[in-house]
């Protein structure tokens, strides 16, 4: 549920980034994307990935987790001084949503002890 909340909650990564993009808060986006990579991708996705029982799916989960990093990097790059680009921010935000949703599809294979 922690990952699903980041996708669907009004306080999750997706909603927060969407609000920051809508407000044109470029400096805040730069900081938030860095923080999100640490607490969301490394901590939450990493923990969920370790719970996967199928070795092939674990490899796929690593790729999906890496895709989330690239999405965050894309949003970050489109927010840098002199390179601010709302269209690119939104494009990478959509990719982020898709990549988190793909990761959630693996949830059914997680075995909870």
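In our numbering, the protein residues as written are 960 to 1072. Virtual Cβ for every residue (Gly too), placed ideally from N, Cα, C.
Pairing residue 1001 with residue 1031, the inter-Cα distance amounts to about 12 angstroms.
Taking C-beta atoms as the reference points, residue 1023 and residue 1058 count as a pair closer than 8 angstroms.
For a cut-off of 8 angstroms, the C-beta gap from residue 1068 to residue 1016 is around 6 angstroms, short enough to register as a contact. DSSP places residue 996 in no alpha helix (DSSP H); its state is neither H nor E. Here residue 973 really is in contact with residue 966; their C-beta atoms are around 5 angstroms apart, less than 8 angstroms. In this model, residue 1034 and residue 983 are separated by some 12 angstroms (Cα to Cα). Taking each of 1028, 1040, 1010, 994 in turn and checking the Cα distance to residue 1065, the smallest one comes out for 1010. Within the same chain, 979 come within 7 angstroms of residue 987 by CB-CB distance, once the 5 residues on both sides are set aside. Per DSSP, the continuous alpha helix (DSSP H) segment holding residue 1045 begins and ends at 1045-1064.
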